[in-house]
Amino acid sequence: MIQTWAILVDSYRLLLAKKLFWATLAISALVVLAFASIGFTEDGISIFFGVTTLEAPEFAKGTALSRALYVGIFTSFIVPIWLAWVATILALVSTTTIYPDFMSEGAIDVVLAKPLHRAKVFFVKYLGSLLFVFAQVGIFCVGVFFAIGFRLGEWNWMLFAAVPLITLFYSFLYCVNVLAGVLWRSGIAALLVTMLFWFALFIVQTSENAMVQITTQHRMEAESHDAWAASLENRLERMRNPATFGERIARTALTPEAQAERIERLEADIATARERAEDRRASAAGFEKWRGRIGAMMNVLPRTQGTIGLLERWLIPKGQAGMLEVMMGGAPPPPPPEPAQNDDPGLDVAPLELEAAPPRPSVDSYEVSTRIQDELREIPAWRVLGPSLLFELFVLGLACWIFVRRDF
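Each residue of the sequence shown is one higher than the one before, counting from 75 in this note's numbering.
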């Protein structure tokens with residue numbers, strides 16, 4: 075236990091000795107300061123501690139959108155851009171030489187001279203390397219916690235879930251860095267392999283997200299066409315009602331032949347709507363196959379984007395306004411107007427409406443995004459983190475096996 079603690083302390087001191095650690099910490103402090111400078115007044119948003127004010131009543135102090143905006147800045151911008159991108163790159167640059175330097179002649183001899191198993195040394199060193207991210211994110215979250223508390227009056231301890239999530243996110247990349255470092259004993263080679271692996275993950279996950287977006291949109295368009303066809307069928311049924319057929323002709327001054335022509339046109343519109351719905355369903359099924367293939371790949375790879383996304387899910391519960399509502403201006407777009415109809419269920423008011431072809435149903439991007447968010451919320455956290463942790467254990471196990479069997 076004493077030897078284990080000594081390795082952890084040595085790793086921590088090594089990190090503190092790196093200038094990049096303090097540079098990253100200083101930049102994090104500036105990010106927190108900029109975040110804390112944003113506030114809310116009775117008229118809207120204040121920036122730079124009240125130096126500039128933007129009049130926006132919908133974001134006034136105490137409103138749901140003010141919370142959505144402030145928390146959304148953290149979950150949608152600061153976390154994915156600073157913590158999960160810039161700070162992660164700085165951490166990889168800072169820690170990429172730990173194992174190659176540790177395995178260099180002289181350094182490894184001192185450690186192996188102690189009564190410690192090589193596997194234990196390997197994993198303790200790995201945990202010590204993660205202290206860079208753990209300490210950085212922990213200090214950063216303390217600042218954000220107080221900023222949100224003072225600005226919104228909300229002391230949300232769930233905010234500190236970012237510490238283990240970002241550390242896990244980093245570990246999914248760092249395990250590849252360790253494996254490459256153990257194989258080639260080169261920090262530059264390990265960093266290059268890690269960046270290439272990260273880029274490949276980005277391509278695969280972005281492709282999966284695109285398939286989800288397209289599949290969901292096509293399914294919703296099929297549902298919209300089905301609903302429109304059902305509406306037209308209901309209208310057709312009313313038009314064919316013998317009880318009102320003669321009255322309809324009298325009111326619209328149409329001949330039976332003209333009325334029959336309108337019914338025929340309406341039947342064609344129904345067939346077109348049904349055909350479009352089937353086309354959209356077939357298209358969605360085709361994209362779903364590709365989504366399944368990419369999903370099968372992601373079942374054996376770490377879901378870095380999904381891991382980061384868990385934080386937004388936990389900080390913004392279902393039903394509360396989020397960044398999506400902020401981007402939409404505070405409310406979803408109004409639904410399209412329903413076709414005008416007469417009080418008499420057997421009579422259509424607008425003859426002109428019957429002359430024209432029915433408008434093609436459309437699906438708003440807000441509806442698609444909302445549906446996708448709701449589906450993602452149904453995915454349990456263990457399904458996101460489980461495969462990622464199994465991948466990390468496999469890669470670390472392989473690296474440890476090489477480390478243990480290597481002749482130093």
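Think of the CB as a built atom: it goes at the ideal place given N, C-alpha and C, for glycine as much as any other residue. Here the structure is a predicted model, which is why all the values come from computation and not from measurement.
Check                                                                                                                    : Outcome
Through-space distance from residue 141 to residue 228, alpha-carbon basis                                               : 9 Å
Nonlocal neighbours in the same chain, by C-beta distance under 7 Å from residue 358, ignoring five residues either side : 289, 292, 293 and 296
Helix, strand or coil at residue 128 [DSSP, three-state]                                                                 : strand
Per-residue burial, residue 425 [other beta carbons within 10 Å of its own, 16 or more giving buried]                    : Low local confidence applies: a pLDDT of 42 at residue 425 is under 50, so the model's placement there is unreliable, with the coordinate-based value given in what follows. Exposed, since its Cβ has fewer than 16 Cβ neighbours within 10 Å.
Between the CA atoms of residue 469 and residue 274 - distance to the nearest angstrom                                   : 16 Å
Closest by C-alpha distance to residue 452, when choosing among 477, 472, 308 and 392                                    : 392
Backbone secondary structure at residue 120 - three-state DSSP                                                           : strand
C-beta atoms of residue 246 and residue 376 nearer than 8 Å                                                              : yes
Beta-carbon proximity list for residue 285, same chain, < 7 Å, skipping 5 on both sides                                  : 361, 364, 365 and 368
DSSP three-state assignment for residue 227, whether helix, strand or coil                                               : coil
Coarse secondary structure for residue 366, derived from DSSP in three states                                            : helix
Same chain, Cβ closer than 6 Å to residue 82, neighbours up to 5 away in sequence not counted                            : 202
Between the CA atoms of residue 193 and residue 475 - distance to the nearest angstrom                                   : 8 Å
Chain B contact for residue 212 (CB, 8 Å cutoff)                                                                         : Any reference to chain B falls outside this structure, which holds one protein chain only.
Environment of residue 442 [buried if 16+ CB atoms lie within 10 Å]                                                      : buried
Best match in 113, 165, 380 and 276 for proximity to residue 261 [C-alpha to C-alpha]                                    : 165
Environment of residue 464 [buried if 16+ CB atoms lie within 10 Å]                                                      : exposed
Simplified DSSP state of residue 113, which is helix, strand or coil                                                     : strand
Rounded C-alpha distance that separates residue 208 from residue 104                                                     : 18 Å
First through last residue of the alpha helix (DSSP H) which encompasses residue 197                                     : 192-203
Rounded C-alpha distance that separates residue 380 from residue 106                                                     : 24 Å
Neighbour-count burial assignment, residue 131, 16 or more Cβ in a 10 Å radius                                           : exposed
Start and end residues, alpha helix (DSSP H) containing residue 232                                                      : Per DSSP, residue 232 belongs to no alpha helix (DSSP H) and is neither H nor E.
Residue 372 beta carbon less than 8 Å from that of residue 278                                                           : yes
Same chain, Cβ closer than 8 Å to residue 268, five either side skipped, listed in chain order                           : 166, 170, 247, 248, 250, 251 and 254
Backbone CA spacing between residue 243 and residue 138 [nearest angstrom]                                               : 30 Å
Per-residue burial, residue 168 [other beta carbons within 10 Å of its own, 16 or more giving buried]                    : buried
Reference residue 89, options 206, 307 and 214, closest by Cα                                                            : 206
Selected residue, minimal CA-CA separation from residue 225, among 117, 112 and 154                                      : 112
For residue 158 and residue 98, believed in contact at Cβ under 8 Å, the rounded distance                                : Contact flag wrong, Cβ pair sits at about 14 Å.
Rounded Cβ spacing between residue 385 and residue 235 (contact assumed at less than 8 Å)                                : 6 Å
Reference residue 351; option with closest CA among 95, 303 and 340                                                      : 303
Neighbour-count burial assignment, residue 149, 16 or more Cβ in a 10 Å radius                                           : buried
Residue 152 burial status per 10 Å Cβ neighbour count (16 or more: buried)                                               : buried
Of the listed residues 287, 353, 479 and 342, nearest to residue 448 (C-alpha basis)                                     : 287
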